[in-house]
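K.L.:
Residue numbers (the working numbering): 132 to 490.
Cβ coordinates follow ideal geometry from the N, Cα and C atoms, glycine included.
(1) Roughly how many angstroms separate the alpha carbons of residue 174 and residue 258, rounded to a whole number?
(2) Suppose you measure from the CA of residue 281 to the CA of residue 464; what does that come to, to the nearest Å?
(3) Going straight from the alpha carbon of residue 315 to that of residue 309, what length do you get?
(4) Write down every uninterrupted run of the beta strand (DSSP E) in the region 426-469 whose length is 3 residues or greater and which is fully enclosed by it, in chain order.
(5) Is it true that the CB of residue 242 sits closer than 7 Å to the CB of residue 248?
(6) From residue 150 to residue 276, what distance separates their C-alpha atoms?
(7) Using only alpha-carbon positions, find the residue among 479, 359, 153 that is nearest to residue 184.
(8) Roughly how many whole angstroms lie between the Cα atoms of residue 352 and residue 176?
(9) By DSSP, does residue 485 sit in helix, in strand, or in coil?
(10) For the alpha helix (DSSP H) containing residue 324, list its first residue and its last residue.
(11) Taking Cβ to Cβ, would you say residue 227 is nearer than 7 Å to residue 261?
(12) Decide if residue 319 is buried, meaning its Cβ has at least 16 other Cβ atoms within 10 Å, or exposed.
(13) I'd like to know whether the C-beta atoms of residue 357 and residue 485 end up nearer to each other than 7 Å.
(14) Determine the extent of the alpha helix (DSSP H) in which residue 409 is found, giving its start and end residues.
(15) Classify residue 274: buried if its beta carbon has 16 or more other beta carbons within 10 angstroms, exposed otherwise.
(16) Evaluate contact between the region 322-329 and the region 411-421, counting only Cβ atoms and requiring at least three cross-stretch pairs below 8 Å.
(17) Straight-line CA distance for residue 164 to residue 234?
(18) In the DSSP assignment, find the alpha helix (DSSP H) that holds residue 396 and state where it starts and stops.
(19) Using the rule of at least 16 other Cβ atoms within 10 Å of the residue's Cβ for burial, across every protein chain shown, is residue 342 buried or exposed?
(20) Suppose contacts are defined by Cβ-Cβ distances below 7 Å. Is residue 354 in contact with residue 394 by that definition?
(21) For residue 360, does the three-state DSSP call read helix, strand or coil?
(22) With distances taken Cα to Cα, identify the nearest neighbour of residue 478 among 397, 456, 462, 437.
(23) For residue 279, does the count of other Cβ atoms within 10 angstroms reach 16, so buried, or fall short, so exposed?
(24) Candidates 186, 461, 389: which alpha carbon is nearest residue 427's?
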């Protein structure tokens, strides 16, 4: 009888696995760590991660190969990826693609306001023409509404320093959370959201307050708040603008949702094509924790909530909420049959609020 040789994990590989293995949703950050270190996902990596997380090799291979930004070829991470979305094609994307050695096309990368984006490793460049690459570490502010129309989610986004915690608080940031945890019950917060008429801004328009109420009424836990930042529709980049220039508004909104529903953990699932946004969000989350606006005993109110940042790997379907949940859980990111809905059977089959960035 054939007996396969045991898999022995290299100590350096084990250290990468151990860095995240005890966190919620560990698979994606572990795979990204190997991808960043080695420049690709090798068969040895798949075997090590499979053993470390107890995932069958066939399942893990299927997961890794599902995402088009996880390369299985040595050096694949450094291969230029050129956006060939509709806007970028109008700006010469095909000529830029042809001019770069070993370049690959990628679907709309969400930089229609600053074309043509080229990803090389974890860095974003913009090509104004063949051979003309300029590094980007930030993104443009959104253009004001034409004709002076009143703005809503972008109302404060152009305020000086808005992307910093100090600047955010100077323009009213965290006043809502302070009021909620200091003077309102969770049920009162839910009722206020219901009374506001806020509808989900991801497209379906489901009443946000009603979704929060469904999760608040559930007794099982731990409950989760998931921010869907995997916008992938061609021509769509509003969520990137909010996360780059108003990150604490999203973090405060998630924290309010957690207080209202009794959730103890949250996830921001960010699309792969926004590496500079990932860095900004990671810094914002650290700042919020240091200011005791995340973590244990938030604002001294005895309420605790943590947010974990998770980066996708290139799969349009992950914008669908149940496919996103499967991706977080380390499964094939296929959509789930519904019912049951995420409000009762979401992340790890427990009650979960999923809202998009704008909501």
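P.N.:
This is what the structure holds:
(1) Taking the first residue of the chain shown as 1, we reach residue 174 at position 43. Taking the first residue of the chain shown as 1, we reach residue 258 at position 127. Residue 258 has its alpha-carbon roughly 34 Å from the corresponding atom of residue 174.
(2) Here residue 281 refers to the residue found at position 150 when the chain shown is read from its first residue. Here residue 464 refers to the residue found at position 333 when the chain shown is read from its first residue. Going by the C-alpha atoms only, they are around 39 Å apart.
(3) For the purposes of this step, residue 315 is identified with residue 184 of the chain shown, where counting begins at 1. For the purposes of this step, residue 309 is identified with residue 178 of the chain shown, where counting begins at 1. C-alpha separation (whole angstroms): 10 Å.
(4) Runs of the beta strand (DSSP E) spanning 3 or more residues and lying entirely within the region 426-469 occur at 437-442, in chain order.
(5) Position 117 of the chain shown holds residue 248. Position 111 of the chain shown holds residue 242. Cβ distance < 7 Å, so residue 248 and residue 242 count as in contact.
(6) For this step, residue 150 is matched to residue 19 along the chain shown. For this step, residue 276 is matched to residue 145 along the chain shown. Roughly 44 Å between the two C-alpha positions.
(7) As a first step, residue 184 must be located in the chain shown, where it is residue number 53. Comparing Cα positions, the closest option is 153.
(8) The residue given as residue 352 occupies position 221 in the chain shown. The residue given as residue 176 occupies position 45 in the chain shown. Answer to the nearest angstrom: the Cα atoms are 33 Å apart.
(9) Numbered from 1 along the chain shown, position 354 holds the residue referred to as residue 485. Three-state result, residue 485: strand.
(10) Translated into positions along the chain shown, residue 324 becomes position 193. Run containing residue 324: 317-327, per the alpha helix (DSSP H) assignment.
(11) On the chain shown, position 96 is the one that residue 227 refers to. On the chain shown, position 130 is the one that residue 261 refers to. A contact, by the Cβ cut-off of 7 Å.
(12) Taking the first residue of the chain shown as position 1, residue 319 is located at position 188. Exposed, because fewer than 16 other Cβ atoms sit within 10 Å of the Cβ of residue 319.
(13) Here residue 357 is taken as the residue at index 226 of the chain shown, counted from 1. Here residue 485 is taken as the residue at index 354 of the chain shown, counted from 1. Yes, Cβ-Cβ distance for residue 357 and residue 485 is below 7 Å.
(14) Numbered from its first residue, the chain shown carries residue 409 at position 278. Counting along the chain, the alpha helix (DSSP H) containing residue 409 begins and ends at 406-421.
(15) Working through the chain shown from its first residue, we reach residue 274 at position 143. Classification of residue 274: exposed, given that the 10 Å Cβ count is below 16.
(16) The region 411-421 and the region 322-329 do not touch, with fewer than three beta-carbon pairs separated by less than 8 Å.
(17) Locating residue 164 in the chain shown gives position 33, where the first residue counts as 1. Locating residue 234 in the chain shown gives position 103, where the first residue counts as 1. Looking at the two C-alpha atoms, the distance is approximately 23 Å.
(18) Residue mapping note: residue 396 aligns to position 265 of the chain shown, counting from 1. Premise fails: residue 396 lies in the beta strand (DSSP E), 396-401, not in any alpha helix (DSSP H).
(19) Taking the chain shown and counting its residues from 1, one reaches residue 342 at position 211. With 16 or more other Cβ atoms inside 10 Å of its own Cβ, residue 342 counts as buried.
(20) Position 223 of the chain shown, counted from the first residue, corresponds to residue 354. Position 263 of the chain shown, counted from the first residue, corresponds to residue 394. Cβ atoms of residue 354 and residue 394: closer than 7 Å.
(21) The residue given as residue 360 occupies position 229 in the chain shown. Of the three classes helix, strand and coil, the one that applies to residue 360 here is strand, per DSSP.
(22) As a first step, residue 478 must be located in the chain shown, where it is residue number 347. Closest in C-alpha terms to residue 478, from the list 397, 456, 462, 437, comes 456.
(23) The residue labelled residue 279 in the question sits at position 148 within the chain shown. Sixteen is the threshold: since fewer than 16 other Cβ atoms of the shown chains lie within 10 Å of the Cβ of residue 279, the residue is exposed.
(24) In the chain shown, residue 427 corresponds to position 296, counting from 1. Of the listed residues, the one whose Cα sits closest to residue 427 is 389.
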